[in-house]
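In short: position in the sequence shown from 1, add 6, done, that's this note's numbering.
Glycine included, C-beta positions come from ideal geometry on N, C-alpha and C.
Here is the structure we will look at.
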Amino acid sequence: MRNRRRAAFIAGTGALAAGLGGLAALSVPTVADAAAAAPAAAQQATIVIHPGALHAGDATSQPPTTANCEAAFHIACYEPAQIQEAYDLLPLYAKGIDGAGATIVIVDSFGSPTIVNDLKVFDKQFGLPAPPSFRIIHPAGAIPRYNPNNDDMVGWAGETTLDVEYAHTIAPGANILLVETPVSETEGVTGFPQIIKAEEYVINHKLGDVISQSFSATEQTFPSKASVDALRGAYTDAYSHHVTVLAASGDSGAADVGLNETTYYLHPVTSWPDSDPLVTGVGGTQLHLTANGMHTSPDTVWNDTYNVATQEFAYGNKGPNPLAGGGGKSIFFSRPAYQDSVRSVVGSSRGVPDISMSAACNGSVDIYQSFGGQKPGWYPTCGTSEATPLFAGIVALADQVAGHPLGLINPALYSMSQKNLPGIVDVTSGNNTVSFTQNHHLYTVHGFSARHGYSLAAGVGTVNGALFVPELASLARWW
Numbered sequence: 007m008r009n010r011r012r013a014a015f016i017a018g019t020g021a022l023a024a025g026l027g028g029l030a031a032l033s034v035p036t037v038a039d040a041a042a043a044a045p046a047a048a049q050q051a052t053i054v055i056h057p058g059a060l061h062a063g064d065a066t067s068q069p070p071t072t073a074n075c076e077a078a079f080h081i082a083c084y085e086p087a088q089i090q091e092a093y094d095l096l097p098l099y100a101k102g103i104d105g106a107g108a109t110i111v112i113v114d115s116f117g118s119p120t121i122v123n124d125l126k127v128f129d130k131q132f133g134l135p136a137p138p139s140f141r142i143i144h145p146a147g148a149i150p151r152y153n154p155n156n157d158d159m160v161g162w163a164g165e166t167t168l169d170v171e172y173a174h175t176i177a178p179g180a181n182i183l184l185v186e187t188p189v190s191e192t193e194g195v196t197g198f199p200q201i202i203k204a205e206e207y208v209i210n211h212k213l214g215d216v217i218s219q220s221f222s223a224t225e226q227t228f229p230s231k232a233s234v235d236a237l238r239g240a241y242t243d244a245y246s247h248h249v250t251v252l253a254a255s256g257d258s259g260a261a262d263v264g265l266n267e268t269t270y271y272l273h274p275v276t277s278w279p280d281s282d283p284l285v286t287g288v289g290g291t292q293l294h295l296t297a298n299g300m301h302t303s304p305d306t307v308w309n310d311t312y313n314v315a316t317q318e319f320a321y322g323n324k325g326p327n328p329l330a331g332g333g334g335k336s337i338f339f340s341r342p343a344y345q346d347s348v349r350s351v352v353g354s355s356r357g358v359p360d361i362s363m364s365a366a367c368n369g370s371v372d373i374y375q376s377f378g379g380q381k382p383g384w385y386p387t388c389g390t391s392e393a394t395p396l397f398a399g400i401v402a403l404a405d406q407v408a409g410h411p412l413g414l415i416n417p418a419l420y421s422m423s424q425k426n427l428p429g430i431v432d433v434t435s436g437n438n439t440v441s442f443t444q445n446h447h448l449y450t451v452h453g454f455s456a457r458h459g460y461s462l463a464a465g466v467g468t469v470n471g472a473l474f475v476p477e478l479a480s481l482a483r484w485w
């Protein structure tokens with residue numbers, strides 16, 4: 007699973023001092039050409055997996071408000087109530103539609119040793135109810151003892167925190183099943199087989215309705231199409247058992263990280279499993295909100311690559327460094343039938359993302375964490391790792407309305423878009439072009455621009471929850 011180590015936005019204790027204490031450990035990929043990356047992929051079958059949440063710096067004792075972040079760092083950050091308002095969820099909650107009866111499955115390597123208590127702190131701070139059920143299982147084997155000096159474990163603990171807290175934000179009445187896997191890249195263990203094994207266990211034992219995956223790997227880092235096909239078992243099982251599977255589209259825009267984890271491709275690439283036709287790929291948008299969550303302007307494609315304030319806070323320099331939602335055309339999968347209506351955009355290939363939610367770092371969400379390896383407290387965090395659990399919550403709401411799990415929702419999404427149903431909100435501004443520097447040379451990977459209807463930057467768009475949820479529940483029928 008690809009995505010860089012976390013690079014969140016954090017404020018200092020008290021008055022939000024602009025600390026960057028965690029940035030030294032941040033791995034910032036530079037540039038590489040395809041010729042450098044592809045041979046390595048052909049020689050190795052181990053695909054490195056990392057979480058996609060972006061997170062760096064020092065914690066605060068209280069969650070920073072939008073005004074705090076804008077004053078201190080010239081970026082926005084948001085709390086759960088703003089996110090709920092932004093997606094027009096309050097009318098659903100007023101009707102008792104909060105995800106009750108549905109189970110959101112969150113899959114993360116290692117998990118977090120403090121997630122149960124951290125969610126309690128998060129809920130108390132923001133007035134959210136505890137989930138009816140919050141279970142943690144290890145179907146692929148025992149989890150190694152948490153090591154706060156292990157960057158992988160610390161990164162995955164932060165990813166777990168983001169996933170759980172913001173899936174719960176959207177669907178506070180849904181059950182949460184956290185599936186932790188015993189993956190350690192530092193021990194040379196390939197991560198995907200363990201994750202697939204764990205997901206197959208969940209599916210075959212009917213433990214959940216929607217699976218949220220905030221990880222991926224660049225398609226070009228797989229040795230072959232056959233190596234991907236060998237890992238698709240969980241998704242074919244999910245399809246036959248009517249379980250919805252989501253995956254983040256990545257945080258490097260049209261570029262992506264090579265197998266060495268430090269270099270980028272110089273041409274547009276995309277990632278798997280979000281490119282899988284049996285998976286819903288979730289891209290990133292930027293919200294533009296007031297303190298109470300009202301929109302000041304329409305959502306745009308997430309791209310902080312050229313935002314100097316964001317770059318300085320995240321990386322300590324003016325950039326540009328890739329910081330945008332992933333999207334593009336698969337090299338492994340041909341256009342599925344449900345994308346025939348957008349063949350003019352995707353051509354003969356599977357295109358991603360399918361839909362987008364909030365992911366911008368200039369518009370991060372506040373999480374609470376207390377695991378070892380980083381100072382306990384509140385951290386504004388971003389990335390398509392945020393967008394994916396947010397959308398998992400939306401699917402859980404629709405599952406409740408429908409009275410059953412919806413299964414593969416992609417045909418419904420494209421039908422809704424083609425019919426111009428109001429629950430789908432067009433994202434018509436922005437792109438996922440990114441730039442970066444190596445050896446004093448500036449490189450730009452030209453990506454894709456938003457447009458009316460489907461784009462390779464935002465998918466079919468984003469959602470108005472009050473309208474989208476009943477529309478999806480009505481159209482995504484598998485029986």
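Got a sec, what are the start and stop residues for the alpha helix (DSSP H) residue i sits in?
i: Val440; result: Not the alpha helix (DSSP H): Val440 falls in the beta strand (DSSP E), residues 440-444.
i: Ser350; result: 349-352
i: Val475; result: 471-481
i: Thr316; result: 314-321
i: Asp235; result: 231-235
i: Thr72; result: 72-79
Would DSSP call residue i helix, strand or coil?
i: Gln375; result: strand
i: Pro382; result: coil
i: Met159; result: helix
i: Lys130; result: helix
i: Tyr460; result: coil
i: Val185; result: strand
i: Thr269; result: strand
i: Ala92; result: helix
i: Tyr84; result: strand
i: His174; result: helix
i: Leu329; result: coil
i: Ser303; result: coil
i: Phe454; result: coil
i: Asn437; result: strand
i: Val401; result: helix
i: Thr276; result: coil
i: Asn309; result: strand
i: Val466; result: coil
i: Tyr449; result: strand
i: Thr296; result: coil
i: Ile202; result: helix
i: Ile430; result: strand
i: Ser391; result: helix
i: Gly105; result: coil
i: Thr166; result: helix
i: Gln49; result: Confidence in Gln49 is poor, its pLDDT being 36 and thus under 50, which makes the residue's placement too unreliable to answer from.
For a quick check, are the C-beta atoms of residue i and residue j less than 8 Å apart?
i: Pro279; j: Val285; result: yes
i: Gln406; j: Ile103; result: yes
i: Gly264; j: Thr224; result: yes
i: Trp162; j: Gly214; result: no
i: Val216; j: Thr311; result: no
i: Gly471; j: Val307; result: no
i: Gly413; j: Tyr245; result: yes
i: Leu403; j: Ala240; result: no
i: Ile400; j: Val469; result: yes
i: Cys83; j: Pro283; result: no
i: Asp169; j: Ser222; result: no
i: Gln424; j: Ser362; result: no
i: Pro137; j: Ile182; result: yes
i: Glu206; j: Val113; result: no
i: Val433; j: Ala456; result: yes
Can you name the start and end residues of the beta strand (DSSP E) that residue i belongs to?
i: Gly290; result: 286-292
i: Ile110; result: 109-115
i: Ser364; result: 361-364
i: Arg141; result: 140-143
i: Arg356; result: 355-358
i: Ile337; result: 334-340
With three or more beta-carbon pairs closer than 8 Å as the criterion, would you say the region 372-382 touches the region 127-135?
Under the 8 Å Cβ criterion, the region 372-382 counts as touching the region 127-135, having at least three qualifying pairs.
Is it a yes or a no for the region 444-457 touching the region 382-401, going by three-plus beta-carbon pairs under 8 Å?
Touching, no.
Can you give, in chain order, each stretch of the beta strand (DSSP E) that sits fully within the region 404-428 and has at least 3 residues?
Uninterrupted beta strand (DSSP E) stretches at least 3 residues long and entirely within the region 404-428 do not occur.
Would you call the region 148-168 and the region 248-263 in contact, with 3 or more CB pairs under 8 Å?
No contact exists between the region 148-168 and the region 248-263.
Quick check on the DSSP output: what are the complete beta strand (DSSP E) runs of length 3 or more inside the region 205-256, in order along the chain?
For the region 205-256, whole beta strand (DSSP E) runs of length 3 or above, ordered along the chain, are 216-219, 250-254.
Using a Cβ distance threshold of 8 Å, determine whether the region 293-300 contacts the region 75-95, with at least three qualifying pairs required.
Touching, yes.
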